[in-house]
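Just so you know, the sequences run in chain order A and B. Under this note's numbering, think of the first position of the first sequence as 4, with each following residue one higher. Under this note's numbering, think of the first position of the second sequence as 52, with each following residue one higher. The beta carbon of each residue, even a glycine, is placed where N, CA and C say it ideally should be. Here the structure is a predicted model, which means the values were calculated and not measured. Please read the structure below before turning to the comments.
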Amino acid sequence: MPDATGLELLAGELRDADADAVLDTVHAHGKGQIVIAPEKIGWALQQLRGKGFKSLMSVHGVDYYPEEPRLGVHYELLDMSKVDRLTVKLRVPVDAPNVPSVTNEWPTANHQEREVYDMFGVVFDGHPDLRRILMPEDYEGFPQRRDFPIGGEPVLFTADEALGKDYTLGIDRDPNGEDAL
Amino acid sequence: MATTERSAYRQMEDSITMDARLERFGTVDGGEHELLTVNLGPHHPATHGVLRLLVTLQGEVVIDLRPIIGYVHTGIEKTAEQKSYWKAIPVVERMDYLAYMFNATAYCGAVESLLDLEVPKRGQYLRVIHMELNRIMSHLVWLGTSALDLGAMSMFWFCFRERERILDLFEQSTGQRMHTRYIQVGGVMEDIPRGFEEKLREFIAIMPKRVGQYRDMLYKNEIALQRLKGICPLDEESLLALGVTGPLLRAAGNPWDLRKADPYCSYEDFDFKIPVGTEGDNWDRLAVRLAEMEQSVRIIEQALDGLPEGPHITEDRKIALPPRHELGTSMEALIHHFKLVTEGFRVPPGEHYYPIESPRGELGCFVRADGSSKPARVHMRDPSFVNLQATAPMTRGTYIADLIATLAMLDPVLGGIDR
Numbered sequence: 004m005p006d007a008t009g010l011e012l013l014a015g016e017l018r019d020a021d022a023d024a025v026l027d028t029v030h031a032h033g034k035g036q037i038v039i040a041p042e043k044i045g046w047a048l049q050q051l052r053g054k055g056f057k058s059l060m061s062v063h064g065v066d067y068y069p070e071e072p073r074l075g076v077h078y079e080l081l082d083m084s085k086v087d088r089l090t091v092k093l094r095v096p097v098d099a100p101n102v103p104s105v106t107n108e109w110p111t112a113n114h115q116e117r118e119v120y121d122m123f124g125v126v127f128d129g130h131p132d133l134r135r136i137l138m139p140e141d142y143e144g145f146p147q148r149r150d151f152p153i154g155g156e157p158v159l160f161t162a163d164e165a166l167g168k169d170y171t172l173g174i175d176r177d178p179n180g181e182d183a184l
Numbered sequence: 052m053a054t055t056e057r058s059a060y061r062q063m064e065d066s067i068t069m070d071a072r073l074e075r076f077g078t079v080d081g082g083e084h085e086l087l088t089v090n091l092g093p094h095h096p097a098t099h100g101v102l103r104l105l106v107t108l109q110g111e112v113v114i115d116l117r118p119i120i121g122y123v124h125t126g127i128e129k130t131a132e133q134k135s136y137w138k139a140i141p142v143v144e145r146m147d148y149l150a151y152m153f154n155a156t157a158y159c160g161a162v163e164s165l166l167d168l169e170v171p172k173r174g175q176y177l178r179v180i181h182m183e184l185n186r187i188m189s190h191l192v193w194l195g196t197s198a199l200d201l202g203a204m205s206m207f208w209f210c211f212r213e214r215e216r217i218l219d220l221f222e223q224s225t226g227q228r229m230h231t232r233y234i235q236v237g238g239v240m241e242d243i244p245r246g247f248e249e250k251l252r253e254f255i256a257i258m259p260k261r262v263g264q265y266r267d268m269l270y271k272n273e274i275a276l277q278r279l280k281g282i283c284p285l286d287e288e289s290l291l292a293l294g295v296t297g298p299l300l301r302a303a304g305n306p307w308d309l310r311k312a313d314p315y316c317s318y319e320d321f322d323f324k325i326p327v328g329t330e331g332d333n334w335d336r337l338a339v340r341l342a343e344m345e346q347s348v349r350i351i352e353q354a355l356d357g358l359p360e361g362p363h364i365t366e367d368r369k370i371a372l373p374p375r376h377e378l379g380t381s382m383e384a385l386i387h388h389f390k391l392v393t394e395g396f397r398v399p400p401g402e403h404y405y406p407i408e409s410p411r412g413e414l415g416c417f418v419r420a421d422g423s424s425k426p427a428r429v430h431m432r433d434p435s436f437v438n439l440q441a442t443a444p445m446t447r448g449t450y451i452a453d454l455i456a457t458l459a460m461l462d463p464v465l466g467g468i469d470r
């Protein structure tokens, strides 16, 4: 794990190459985090790859509700030869949740970016196949967000549809096309 | 809320006609061979769970493949956010249902890091014993079911015979055969009971012989050799780019194992070897896992011999429950007990990613704490989820029968993939 000084040196090198890229550094519990501006993520990961962090082990999302900007994406980098880990993270607001995809440079991010999109609604621009991965294709909402309620989930039964009921809610459908509720 | 409008998805579904499905949609070799898309799964015994594969075939050769997952998604990560830290352990354990000790250790490790909590040495050794037993158990289930896919029925019974011994051991020490809730924040739930050591020693005496017997059955078996040797190899570089870890990466010759590279839970105390392959084909994947079982036995033996005296769980009463006998005599213990059971302990704000070596590769648990008694985010980087992406590059251009064998050697656990 890079110590606090090593982390600052690494962040300093990134700052030298691009003054706006690094927003913050955090060192806690023996692990280093670098906060990167969302639009610079692809560039920053390539820079770090050149410094030995050749493996991307995990991409996951976090909702920092009620803090702003709310959504976060974490990239866990690993240097296998020095056995060193580094977390690169970025934050985007809910109303503009766009992050450049890193799938072309890091094939492992493919499914993981899809999961972050599925659960948090972070849109990865340039992803080859950005669809829901775990939730059903016609699901509405992003279930891992902190303000997404738990419980009261409509159960999908196609049998309800055959009975003339709304298949998402299982309630009688109004024959005149009016809202049944 | 309710609307009579059909949703966009339903409309899309309606727009698909049978005529369109029967249409030939592509040919290769100047129209001689037709391409055929076959839906494999989700309910198919060879997919080891509810995995669905859309396979494009030309004759019997796999041209392309797309995994479709999510059929057993149960929202465990969301559920864990609603529970206090120690009550989240049982739900987290149910992700990868063959590696419950590992799920719990990864989660507890992340929480312990956030608390800056030291686990007593005895607790660490007991964790190692149970994790390595779990690793053997997971590999036995994999070996039995994979051999079944290749048509070897008896391997299945032999593997499940030994698995039963491990589950009996778990039952003795933890009270449960599966999803034991044995690993706790700060250590393990209980010390091993009287008689456990003898039974465990019997097991570690017999297990290496059993692994040898499995080898005798498979290594000279014409069918196993033809189905596995040289089939669907993938080089180290592609595996690393896809983030593949665990026995699959070691089969390709990269000795990356977190137990050795970045020891946690006192793994640095034990002397063991990392089995690696040379070709990275299905045969190496089999051989690596068989050898890993023997190494796990070695680790268990050393941990049992060197089991230190002392507490099995941290003595910090703000984190771990006080022992039963204190409740009758100490008011303070009673208060701690009450606070822990009703509210749970609070974790200072922070976030941590804690990786361990599960039977399938790097199992990382990410926990974000917001200062309350419930985690603000729990995420598992499940190795099966990441490793599954390697299916298509491994199997392109091979026969569909080899796809089944490769899927078996990939060892995906759908509970871990879908969470």
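Uninterrupted alpha helix (DSSP H) stretches at least 4 residues long and entirely within the segment 365 to 428 of chain B occur at 375 to 378 and 382 to 393, given in chain order.
For B:Leu-378 and B:Leu-372, the gap between their C-alpha atoms comes out near 10 angstroms. Sixteen is the threshold: when 16 or more other Cβ atoms of the shown chains lie within 10 Å of the Cβ of B:Arg-310, as they do, the residue is buried. Between B:Gly-281 and the set B:Val-89, B:Met-445 and B:Val-101, the nearest pair of CA atoms involves B:Met-445.
Contact between B:Gln-440 and A:His-114 holds, since their C-beta atoms are separated by about 6 angstroms, short of 8 angstroms. Going by beta carbons, B:Pro-406 and B:Pro-171 fall outside the 9 angstroms limit. A distance below 9 angstroms separates the beta carbons of A:Leu-10 and A:Gly-35.
Classified as buried, B:Thr-225 has 16 or more neighbouring CB atoms from the shown chains inside 10 Å of its CB. Look at the segment 79 to 92 of chain A: the residues with a C-beta under 7 angstroms from a C-beta of chain B are Glu-79, Met-83, Val-86 and Thr-90. Cβ-Cβ distances below 6 angstroms link A:Met-60 to Glu-79 and Leu-81 in the same chain, with the five nearest sequence neighbours on each side left out; the list follows chain order.
For A:Tyr-120, same chain residues with a beta-carbon under 7 angstroms away, outside a window of 5 residues either side, are Val-126, Phe-127 and Leu-133 in chain order. For B:Glu-85, the secondary structure class from DSSP, reduced to helix, strand or coil, is strand. In this structure, B:Val-192 keeps its C-beta atom at 9 angstroms or more from the C-beta atom of B:Arg-216.
Secondary structure in the segment 231 to 301 of chain B: the alpha helix (DSSP H) runs of 4 residues or longer, each lying completely within the stretch, are 247 to 270, 273 to 279 and 287 to 292 in chain order. In this structure B:Gln-133 is exposed. Its beta-carbon is surrounded by fewer than 16 other beta-carbon atoms within 10 angstroms.
In chain order, Arg-94, Val-95 and Pro-96 place their CB closer than 6 angstroms to the CB of A:Pro-72, counting only its own chain and leaving out the 5 sequence neighbours on each side. Listed in chain order, the beta strand (DSSP E) elements of length 3 or more contained wholly in the segment 20 to 60 of chain A are 25 to 31 and 34 to 39. For B:Leu-177, the uninterrupted alpha helix (DSSP H) segment begins and ends at 172 to 200. By the neighbour-count definition (other C-beta atoms within 10 Å, threshold 16), B:Pro-359 is an exposed residue. The C-beta of B:Lys-134 comes no closer than 9 angstroms to any C-beta of chain A. With respect to the 9 angstroms criterion, B:Lys-129 and A:Ile-136 are not classified as neighbours on the basis of their beta carbons.
Annotation: B:Phe-153 is outside any beta strand (DSSP E); the continuous alpha helix (DSSP H) that includes it extends over 151 to 166. For A:Phe-145, the number of other beta carbons within 10 angstroms of its own is at least 16, and it is reported as buried. Going by DSSP, A:Val-126 is part of the beta strand (DSSP E) stretching over 126 to 128. In this structure, B:Ala-155 keeps its C-beta atom at 9 angstroms or more from the C-beta atom of B:Val-429. For B:Arg-310, the enclosing alpha helix (DSSP H) begins and ends at 309 to 312. Under the criterion of beta carbons closer than 8 angstroms, B:Gly-304 and B:Lys-138 do not qualify as touching, at roughly 43 angstroms. Look at B:Pro-326 here: in three-state DSSP terms it is coil, with no helix or strand label. DSSP places B:Gly-466 in the uninterrupted alpha helix (DSSP H) bounded by 465 to 469.
Only His-430, Arg-432, Phe-436, Val-437, Leu-439 and Gln-440 from the segment 430 to 444 of chain B bring a Cβ to less than 8 angstroms from some Cβ of chain A.
Rounded to whole angstroms, the gap between the alpha carbons of B:Pro-244 and B:Phe-436 is 36 angstroms. With contacts defined as CB atoms closer than 9 angstroms, B:Ser-409 and B:Glu-183 fail to qualify as a contacting pair. Taking a beta-carbon distance threshold of 9 angstroms, A:Asn-113 counts as an interface residue toward chain B. Buried is the label assigned to A:Thr-90, since at least 16 other Cβ atoms lie within 10 Å of its Cβ. Any Cβ of chain A closer than 9 angstroms to the Cβ of B:Ile-370 would place that residue at the interface, and such an atom is absent. Here DSSP, grouped into helix, strand and coil, assigns A:Tyr-78 to strand.
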